[in-house]
Structure formats: structure tokens, C-alpha cells
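Taking it in order: structure first as C-alpha cells, then the write-up.
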Amino acid sequence: MSVIQNCIEIHNQFAKCTPLSNTLGDGFMYQTSPIFKRVRDLLTAQNYTFKNELCEETNEFFLTQLFQLDKIYFEKKLFARHNYQALMKIALKFPDKDITLPEITTLECYSALLHESVHCLCQQYFGWASLDVKNQPDPEKFFQELITAESMAISTEFLACIPYSNTAERSLAYMNSLGYINAEDELSFKQFQKLFGFETAVDWLFRGYFASNYFYEAVALPPGVAKTFRNKELAQDPRYAALTEAVMNIGFRVNKPFRQHTAQTFFKLVGVEGGLKNAMTFDIYKTLQDGSYVMKAAKEIFSQYLKTEEESYAKGS
Ligand SMILES: [Zn+2]
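Numbering (the working numbering), first residue to last: 27 to 343.
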């Protein structure tokens, strides 16, 4: 059986676990990933609706997604990909080829529901009533919150994928997240987690994503940045410093077109004039240290849904 056929089989097995049976792997993720389930349950409890019918509204949303985020945030309506049937046809068309989902996955095909759901949780937490900088009492704080939200969303996607080691299961997790995890990054994260525990690992993973959103033109953590952020415990041993830097660098794997174009277009839409680089005047070093406002916010938002069994994340290690 090919990987994609195996995925379809797993999907069918869990299809009834959520109402979104047309979204590949949604039921599977809900049933087997505590972080996925927690995020979904929180939004359902807050009366968000989840749409994945093929209709004009859904079509329009996906064609102009970046320009319709107010629908998600303020109408509490989330849109899911209707991707199951299309992928099933591919599986039937190439029965003898061992096609894996990452090989056919494109940004157009994957379900961004988990990612967008985390944005919603952040929006609730920060209490934005509008996505326009002009309506924000403190624009500088708002920029930091937006970067926090983006970093939280991507960190969560990483965390949702990491427990799956089986190829078909990992493929389904990838179909519900943005991008892939390379073996080196996976190892760094798991080593760090073994040494310092899950919460600390998540904390540094988040900082890496925050740094990558801030240094959006850089391909890796700028030299010296990791050292500046090292806490006392990690600074005592140079081996840990290298590992910390490796975990933070996971954030820089987010694809460049997304960081440099999509995210920047979004910032333009919310009213950032003259580019994000000029708008951000906050002290990144200070912000990334424990006492800052966003780090506290991130910890609180994460703690709302990361207080699940640590073992379930450790099982793949
Ligand atoms: Zn995002």
C-alpha cells in the first residue's frame, strides 16, 4: 500500500471524529494530537464556526485569504480545505507509485485551520477589536502582538507534527500544518527537550520563531543573538549554547516567500507604513528576554493548551 493510500485509510478511520470529514486528516489529528484537540475545543467553546463546504463563500475566501482575515477574527468563521476528495483521486490514479503527501502538497492544498485557529486564540487573548494600526492605542505593542501571534501559530504547527514518526501519520500532520520538519531540527528539539523539559523547549522554539519573524530577511539566527538570550543555566555549558541556537534556528526554516512577502503584505494591510522594518522600533533583545510583555503573553497562551500530557509529545523521542 502506498503512503497516500495509507493516509486515506487512516483518514477514513477517523473521519467521523470531527464534522470536517472533507478535510484530510482533521479527524485523525483531533483524535490523536492533544494540542490540535485543545485548540479546536477552545474555539468551539467560544462559538467559532468551521466551514468546509464547496461554495462561493469558501472559494472566495481561499482566493483572497490574506485580505479576508477579519472574517476569521471578527465573524468567528474559520474555513477548512475541501481537500480529501481531490487527494483520494490522486491515490486512485497512481496506485503503484509510492507517492507521499509532501510530494503533492502545496500551500494551496494543505489545511491551515490549526494555524488560523491559533491566530484566533491570540486575537482573543490580546483583545484586538480591529486589525487596523490606526485603531490601536499602542501601535508598537500591537506589532509585537502580531509577531507573537504569528510565532505562536507556527510553533504550534511544529508541535502538532513532531510526535508522529510513522510516515503516513506524519504526512497527515503535515497536511494540517505549514511546512516540513527536517531531521536535524527534529533531533535538536528532542535533545533539548530531554535536557530541559518540554516547557523550556517550547519556550525557546517560540523565541526562534519570534526572532525569525523579526529578522524576516535573515536566513538564520544572526550571529550573537542566541548568546544574548541564553539564560544562566544554558550559558554554563557551551554545548547547550549550540543546542539552544539550533532550536532557535528552527524558526528560520519557515519559507522565505512567506516571511518576506506574505507576512509583509499582511503588515501593509493592517496599516504599517514604510515597511515593517521601519515600523518596529522595539528592542528585540529586551523583548525576547523573560520579563517582556510578549514573552509573558506567549507563556500564558501556550499554557492554556500545552498543559496536556507531556508524554504524548515525548513518545516520538
Ligand atoms: Zn499566520
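Yeah, the Cβ is synthetic: ideal placement off N, Cα and C, and Gly gets one too.
Once DSSP output is grouped into helix, strand and coil, what is the label at T90?
Three-state result, T90: coil.
Looking at the structure shown, is T75 part of a helix, part of a strand, or coil, going by DSSP?
Collapsing the DSSP output to three states places T75 in a strand.
Note down, in chain order, each residue of its chain lying with its Cβ closer than 6 Å to the Cβ of A175, except the 5 sequence neighbours on either side.
H145, C148
Distance between E142 and V29 (C-alpha atoms, nearest Å):
27 Å
E176 CB to nearest heavy atom of ligand 1 below 7 Å:
yes
Terminal residues of the continuous beta strand (DSSP E) containing K103?
103-105
Taking 7 Å as the cut-off, is the C-beta of A186 nearer than that to any heavy atom in ligand 3?
Ligand 3 is not part of this structure, which contains only ligand 1.
Taking G51 and N202 to be in contact with their CB atoms under 8 Å, please state how far apart those CB atoms are, rounded to whole angstroms.
5 Å
Going by CA-CA distance only, name the one from G300, A106, R66, F76 that's closest to F88.
A106
Taking only heavy atoms of ligand 1 into account, decide whether any of them is closer than 7 Å to the Cβ of H287.
no
Of the choices A117, K42, K63, whose alpha-carbon is the least far from that of C33?
A117
With a threshold of 7 Å, establish whether the CB of A324 neighbours any heavy atom of ligand 1.
no
Buried or exposed by the 16-neighbour rule on C-beta atoms within 10 Å, applied to V320:
Label assigned to V320: buried.
Do the CB positions of G277 and G234 come within less than 8 Å of each other?
yes
Measuring alpha carbon to alpha carbon, tell me which residue in H108, L157, G153, Q150 is nearest C135.
H108
Considering only the alpha carbon of each residue, which of W154, A41, R66 lies closest to Y99?
W154
Tell me whether the stretch 173-188 and the stretch 206-226 touch, counting them as touching only if at least three CB pairs, one residue from each stretch, are closer than 8 Å.
yes
Would you call P189 buried or exposed, if buried means 16 or more other Cβ atoms sit within 10 Å of its Cβ?
buried
State the DSSP-derived secondary structure class of V280, mapped to helix, strand or coil.
coil
Taking the alpha carbon of Q91 as the reference point, which residue from M55, S137, N73 has its own alpha carbon closest?
For Q91, the nearest C-alpha among the options comes from S137.
Could you check the C-alpha separation between Y110 and P121 for me, to the nearest Å?
16 Å
Nearest-angstrom Cα distance between L104 and L157?
17 Å
Pairs of beta-carbons, one from the stretch 296-314 and one from the stretch 263-272, closer than 8 Å: are there three or more?
no
Is A179 near ligand 1, in the sense that its beta carbon is under 7 Å from a heavy atom of that ligand?
Checking every heavy atom of ligand 1 against the Cβ of A179, one is found closer than 7 Å.
Taking the CB atoms as reference points, tell me whether L172 and V65 lie closer together than 8 Å.
Pairing L172 with V65 gives a Cβ-Cβ distance that is not under 8 Å.
Measuring from the CB of H108, is there a heavy atom of ligand 1 at a distance below 7 Å?
no
Straight-line gap, Q219 to E271 (C-alpha atoms, nearest Å)
14 Å
Please tell me whether D211 and R285 are closer than 8 Å, where the distance is taken between their beta carbons.
no
F328 and V228 look like a contact to me (Cβ under 8 Å); what is the Cβ gap, rounded to whole Å?
6 Å
Can you tell me which of I310, V159, T58, A289 puts its alpha carbon nearest to the alpha carbon of A179?
A289
Leaving aside the five residues before and after N239 along the sequence, list all residues of the same chain whose C-beta is less than 6 Å from its C-beta, in chain order.
I173, E176, S177
Could you round the C-beta distance between L302 and F293 to whole angstroms and report it? I think they count as a contact, below 8 Å.
5 Å
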